[in-house]
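Undergrad: Quick one: structure below, then a few questions.
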Amino acid sequence: MRDVAIIGVGQTKYQHRYPDTPQPDLVRRAAQAALADAHLRADDLDAVVYSMAPDALIGVLHAERWVADAAGAAGRPMLRVNTGGSTGLSSVQAAYDHIASGMCDIVLVVGADRVGESGDAQTILNRIWDPMYERQMPLNTVTMLAMQGVRFFEKYGATPRDMARVAVKNHFNGVRNPVSHIQKEVTIEEVESSPLIAYPIRLFDCCPQSSGGAAVVLASAEVAERRGEALAWVTGMGFRAESYWMGDRMGPKAVSDHAESPQLAAAADAAYRAAGITAADIGVAELYAPFTTVELHAVQDVGLCPPGTVLERLWEGYFDLDGEKPVTPSGGVQCANPIAVTAMVRVIEAALQVAGRAGDHQVAGVRHALATGIGGDHQFFGAVVVSDRPRAATAPPQPDGEERTDRD
Amino acid sequence: MSALPADTQPCLVATTRRGPTGDSLEESLYGTVRALLDGAGLGLDDIDHIAIASSDGLDGRAISSMVTGPAVGVYRHDTINSSSSGEHALILACLRIMAGRSRTVLTVNWGHPSEAPVDAVQRLELEPFFHRGLGGNHTVFHGLQASAYLGRTGLDPGVADEVLRKNGVAAQGGDEVVAWPLRARHLPPQVDGSVAVLVASAAWAASRGLPAVHVTGIGWNTSSFWERGAALGRLESLAAAAAQAYGRAGLPDPAAVDFVETTDLTPFHELMAYEALGLCGDGEAVDLLRSGATAPDGATPVNRSGGLHAGVPPFAHGLDRVAVAAEALLAGQGRRALVHAASGLAAQNNSVFVLRSE
Amino acid sequence: MTDATRTIEEKWDLTYRHAAGPVVSHFYDRLQSDGVLVGRRCPQCTRVLVPPRSFCDRCYVDTEDWIEVGPEGVVETFTVVYREFQSLPEPPYAMAYVRLDGADTAILNYVRGLDLREPVAAAAALRPGTRARLVVDEPQRRQGRITDFWFELLP
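Protein chains in written order, with my numbering: chain Y, 8 to 415; chain F, 252 to 609; chain G, -3 to 151.
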């Protein structure tokens, strides 16, 4: 398998709306930023992967067609990936296969979202549920994860104050990330007195509705080495789906608990195995956590601390920017959620950390960084490990030349 | 671009195509995949990865893969979803096998237009500033495209009926003009259905002793959304996709394949495809048609299956064309085939697959 | 060029007619005509799935028997919503996944008859493990939709 490098990244500022920048222009701005970072022009691209989650959020069905020119894809191979919230991470995985297969040498992954223009994103996000039984109920991503949080409380003894501690950390980090949407530190008391949205989730536990674009340029080892400009190498990947039915993730016969996600753990394990590392080798994790309740379980699931220890470590500052295992130094989804690209931004931030280019939220000496994405109704879980050296230098050779994705 | 090891060449090893079932969308997808697995004597544990394609608007599910994915078996599996077109999921499946990351990838596409307000959905595919206010659906764009083709070639619109007669499909519509030059009988029927194709590495197929159709060439390309104009009458991105696929497959003369399946969105699109695929020169499609070369008993039969007029679910056109061709090859009806998939507004996206049986 | 950029308002209005298939149809038939909830058993993992599905996504096999479940059950998780979302009900409202007696999975619906003015008190009342009962609307008011029933907490 050919090694794949990240040779350029680009992000616009994330903000509620972009009234002066229509969708194609926003896509183009992100694409140009990543191409400029890689010192490339669109003519150098072999293919484009367009990253776009629910069509309804920007109000145009199959909008990948409209933005083909803006994405640099006219006259070139392009396809669109959509796995809900994990779309941006799945897009990077798809681009990896474009290159590792030998079909392409340079691939652009690009997308943009304008969640703030959608009227009320949670109205649209209600329409994601099955039309037979669940859509008539007021489900949306807030209530879905509020019910995850309640189960996490029961299983691990967490309280709303623990959630507030996560929010404080992420808001602190977000202020140190110039493209972050939310640029405001908060205190425990401010989180706890912010309006209650859906118990136990309060306003400052939530992600914002963000607009903005992001892009990544991936390249083959030959191109990256010839140019000498790899930010980071993609060394491991994993992706696993959970049952759609949240109600199946509870009760004595459930094999997964909606409190957390064994499938996130499986996806991260697959990525670590492919990279030839363990969770202990991860210097920084950019975890997809749109609500504080998700981060509480995600750090345990990806192995950054043993199950049941997250609350203790959280209050010790273990996951803080200057802690032992910094989690989401960018401020994360809680400080910017342009849904189409949110999970791609996790990969971008992981690559910036490995490259030593994360600026005020840089963590020193990161060799391996983990990025995750979550999509659907807490149902699609993806992981990408990026490293400061190619996969061949970190991972043991695969005996049969193929990496069977193990399942339990 | 490096040469590929032969054992990670993607192969098509099993297909299932089903029409309307009376079940819910999820149930009919489950039935299709269950039939594929049972027919091939496989279980979901044999499947490394599942690549699906879903259209949120057509499915009426805002993240369709959330509910359709589990119906095709993604539970505890590695999976991906393309929302640009069905054939793009097949391309992702092939790339993944070529990358050596999976040995088997299940690919599933579907369309249930009977459940959706299709015209209203297609109107929402138009961007809101310049096109949507004018209205329009796929048929209108196909009419514009057919009209541009006629303008370029000076052909008589009646040529469409010659294509339908050649394909041996009974006219399913009347003489009324729907969108000039398209008459009702030129439009393929809108049917519900689903298609599943199991893609595997050549090494895995050989180890299981399964008959395999090798995918020796893949190409996919995108036309500009804006700068089409007169170019609407030419499938430019198909020509580019074909060049990519032929180069990969080492296919100097596309007319030398045993048969071709194209996505004939209208009969005019079949003619445009002849030219873009290089089966004839520019503007010469009508001559090729009238020579009988593309007839079922001709030198290079095109759409021997009847094409889209045989009844193909929307958003599954491309995978259906590939499955039809694979089934014909597995049945010994030739050794090499060419498949053309089209999607997007006015066939903005085109893909080509070169297939070879053992 | 102008300094004042425009916005173009576009409303979506789409009506789908989703084919429900025989299993979903039977569930709503029984709910509407008899006021009971029924589930389907997976022959492989033996779970009784409520709401019922024609196949088990875990085992990927057809489900078989119909089993009547409830009318009592246990709250598995819940939330109480205090913010208004467009096109969703006026807050506050409580909803819960309740695993009905005889079922192995939980089904979502509103929990009514609870004072929701004090969030902490409401959350304590709804805590997972709390017993609840199924309440089905008056026969003439049933429409064969999920909103034909709800839950109330048992004293």
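Using N, Cα and C, we set each Cβ at its ideal position, and we do this for glycine too.
#1: Could you name the residues that DSSP lists as bridge partners for F:Val590?
#2: Count the other CB atoms, across all protein chains shown, that sit within 10 Å of the CB of Y:His105; report buried if there are 16 or more and exposed otherwise.
#3: For the segment 153 to 168 of chain Y, list every residue whose C-beta sits within 9 Å of some C-beta in chain G, in sequence order.
#4: Is Y:Met139 helix, strand or coil when you go by DSSP?
#5: Report the neighbours of Y:Tyr251 on chain F: residues whose CB is nearer than 8 Å to its CB, in chain order.
#6: On the CB-based measure, 16 or more other CB atoms within 10 Å of its CB, does G:Gln175 come out buried or exposed?
#7: Is it buried or exposed for F:Arg268, if we count other Cβ within 10 angstroms and need 16 for buried?
#8: Going along chain B, which residues have a C-beta under 9 Å from F:Gln599?
#9: With a threshold of 9 Å between beta-carbons, can F:Pro368 be considered close to chain G, or not?
#10: Do F:Gly484 and F:Ser602 have their beta-carbon atoms positioned less than 9 Å apart in this structure?
#11: Under the rule that 16 or more other beta-carbon atoms within 10 Å means buried, what is G:Thr(-2), buried or exposed?
#12: Kindly list the residues whose CB is nearer than 8 Å to the CB of Y:Thr285, restricted to its own chain and excluding five residues on each side of it in sequence; keep chain order.
#13: Identify the residues that DSSP records as bridge partners of Y:Gly181: which are they?
#14: What residue does the alpha helix (DSSP H) around Y:Glu319 start on, and which one ends it?
#15: With DSSP collapsed to three states, give me the class of G:Phe147.
#16: If you reduce the DSSP assignment to three classes, tell me which class F:Cys345 lands in.
#17: Determine the contact status of Y:Pro207 and G:Tyr78, defining contact as a CB-CB distance below 9 Å.
#18: With F:Ala447 and F:Ala463 assumed to form a contact (beta carbons below 8 Å), what rounded beta-carbon distance in angstroms separates them?
#19: What are the uninterrupted segments assigned as beta strand (DSSP E) that are 3 or more residues long and contained completely in the segment 79 to 112 of chain G, given in chain order?
#20: Tell me the rounded alpha-carbon separation between Y:Lys162 and Y:Ala266.
#21: Check Y:Glu410 in the structure and name its three-state DSSP category.
#22: Excluding the 5 residues flanking Y:Ala165 on each side, which residues of the same chain have their C-beta closer than 7 Å to its C-beta?
#23: So if I threshold CB-CB distances at 9 Å, which residues from the segment 261 to 284 of chain Y count as touching chain G?
#24: Count Cβ pairs between the segment 23 to 39 of chain G and the segment 47 to 57 of chain G that sit closer than 8 Å; are there 3 or more?
#25: Taking just the CA atoms, how far does F:Tyr326 sit from Y:Gln270?
#26: For F:Trp361, count neighbouring C-beta atoms within 10 Å of its own C-beta (all shown protein chains included) and say buried if the count is 16 or more, exposed if not.
#27: Rounded to the nearest angstrom, what separates Y:Ala239 and Y:Leu359 at their Cα positions?
#28: Pick out the complete alpha helix (DSSP H) segments inside the segment 473 to 557 of chain F, 4 residues or longer, and give them in chain order.
#29: Near Y:Ala305, which residues of its chain fall below 7 Å by C-beta distance, leaving aside the five closest residues on each side in sequence?
#30: When the cut-off is 9 Å and only beta carbons count, does Y:His69 lie next to chain F?
#31: Verify the CB distance criterion: does G:Thr11 have a CB-CB separation below 9 Å to chain F?
#32: Could you tell me whether the Cβ atoms of Y:Ala221 and Y:Met85 are closer together than 9 Å?
#33: How would you call F:Pro321, buried or exposed, if buried means at least 16 neighbouring beta carbons within 10 angstroms?
#34: Per DSSP, F:Thr358 is paired with what?
#35: Let me know if Y:Glu192 comes out buried or exposed under the rule of 16 or more other beta-carbons within 10 Å of its beta-carbon.
#36: Where in the segment 266 to 341 of chain Y do unbroken runs of the beta strand (DSSP E), each at least 3 residues long, occur, reported from the N-terminal end onward?
TA: Reading from the atomic positions:
#1: In the second sequence, residue 590 of chain F corresponds to position 339, counting from 1. Paired residues: F:Glu512 and F:Phe604.
#2: For the purposes of this step, residue 105 of chain Y is identified with residue 98 of the first sequence, where counting begins at 1. Result: buried.
#3: Ala153, Met154, Gln155, Gly156, Val157, Arg158, Phe160 and Glu161
#4: Position 132 of the first sequence, counted from the start, is the residue given in the question as residue 139 of chain Y. The answer is coil: DSSP assigns Y:Met139 none of H, G, I, E or B.
#5: Here the question's residue 251 of chain Y lines up with position 244 in the first sequence. Simply Met317, Val318, Gly320 and Pro321.
#6: In this structure chain G extends from -3 to 151, so residue 175 of chain G is not present and cannot be described.
#7: Taking the first residue of the second sequence as 1, we reach residue 268 of chain F at position 17. Counting Cβ neighbours within 10 Å, F:Arg268 comes out buried, since at least 16 surround it.
#8: Structure shown: chain B not included; protein chains present are Y, F and G.
#9: Here residue 368 of chain F refers to the residue found at position 117 when the second sequence is read from its first residue. Taking Cβ atoms only, chain G reaches closer than 9 Å to F:Pro368, which makes this a yes.
#10: Locating residue 602 of chain F in the second sequence gives position 351, counting from the first residue. Locating residue 484 of chain F in the second sequence gives position 233, counting from the first residue. No, Cβ-Cβ distance for F:Ser602 and F:Gly484 is not below 9 Å.
#11: Here residue -2 of chain G corresponds to residue number 2 of the third sequence, with the count starting at 1. Its Cβ having fewer than 16 others within 10 Å, G:Thr(-2) is exposed.
#12: On the first sequence, residue 285 of chain Y is found 278 positions in, with the first residue counted as 1. Result list for Y:Thr285: Tyr279 and Gly310, in chain order.
#13: The count along the first sequence starts at 1 and reaches residue 181 of chain Y at position 174. BP columns for Y:Gly181 are empty, so no partner.
#14: Here residue 319 of chain Y refers to the residue found at position 312 when the first sequence is read from its first residue. Taken as a continuous stretch (DSSP letters only), the alpha helix (DSSP H) holding Y:Glu319 covers Val317 to Glu323.
#15: Position 151 of the third sequence, counted from the start, is the residue given in the question as residue 147 of chain G. Reduced to three states, the DSSP call for G:Phe147 is strand.
#16: As a working mapping, residue 345 of chain F is identified with position 94 in the second sequence. Of the three classes helix, strand and coil, the one that applies to F:Cys345 here is helix, per DSSP.
#17: Taking the first sequence and counting its residues from 1, the one referred to as residue 207 of chain Y is at position 200. Taking the third sequence and counting its residues from 1, the one referred to as residue 78 of chain G is at position 82. Cβ distance not < 9 Å, so Y:Pro207 and G:Tyr78 don't count as in contact.
#18: Taking the second sequence and counting its residues from 1, the one referred to as residue 447 of chain F is at position 196. Taking the second sequence and counting its residues from 1, the one referred to as residue 463 of chain F is at position 212. The Cβ separation is near 16 Å, so there is no contact.
#19: 89 to 96 and 103 to 107
#20: Walking along the first sequence from the start, residue 162 of chain Y turns up at place 155. Walking along the first sequence from the start, residue 266 of chain Y turns up at place 259. The alpha-carbon atoms of Y:Lys162 and Y:Ala266 are separated by roughly 7 Å.
#21: In the first sequence, counting from the first residue as 1, residue 410 of chain Y sits at position 403. Low confidence applies here, because Y:Glu410 scores a pLDDT of 44, under 50, leaving its location unreliable; read the following figure in that light. Three-state DSSP puts Y:Glu410 in coil, outside helix and strand.
#22: Here residue 165 of chain Y corresponds to residue number 158 of the first sequence, with the count starting at 1. Closer than 7 Å at Cβ, skipping near neighbours: Phe159, Leu303 and Leu318.
#23: Ala261, Val262, His265 and Ala266
#24: yes
#25: To locate residue 270 of chain Y, count along the first sequence from 1; it is residue 263. To locate residue 326 of chain F, count along the second sequence from 1; it is residue 75. C-alpha separation (whole angstroms): 10 Å.
#26: By one-based count along the second sequence, residue 361 of chain F stands at place 110. F:Trp361 should be labelled buried.
#27: Here residue 239 of chain Y refers to the residue found at position 232 of the first sequence. Here residue 359 of chain Y refers to the residue found at position 352 of the first sequence. If you take the alpha carbons of Y:Ala239 and Y:Leu359, they lie about 8 Å apart.
#28: 487 to 500, 518 to 527 and 536 to 542
#29: Here residue 305 of chain Y corresponds to residue number 298 of the first sequence, with the count starting at 1. Closer than 7 Å at Cβ, skipping near neighbours: Leu271, Leu294, Ala296 and Thr379.
#30: In the first sequence, counting from the first residue as 1, residue 69 of chain Y sits at position 62. Judged by the 9 Å Cβ criterion, Y:His69 is in contact with chain F.
#31: Sequence index remark: in the third sequence, residue 11 of chain G carries index 15 (1-based). For G:Thr11, the answer is yes, since a Cβ of chain F falls inside 9 Å of its Cβ.
#32: For the purposes of this step, residue 221 of chain Y is identified with residue 214 of the first sequence, where counting begins at 1. For the purposes of this step, residue 85 of chain Y is identified with residue 78 of the first sequence, where counting begins at 1. No, these two residues do not count as a Cβ contact at 9 Å.
#33: Taking the first residue of the second sequence as 1, we reach residue 321 of chain F at position 70. Label assigned to F:Pro321: buried.
#34: Your numbering for residue 358 of chain F matches position 107 in the second sequence. Per DSSP, F:Ala302 and F:Val448.
#35: Here the question's residue 192 of chain Y lines up with position 185 in the first sequence. Exposed, because fewer than 16 other Cβ atoms sit within 10 Å of the Cβ of Y:Glu192.
#36: 291 to 293
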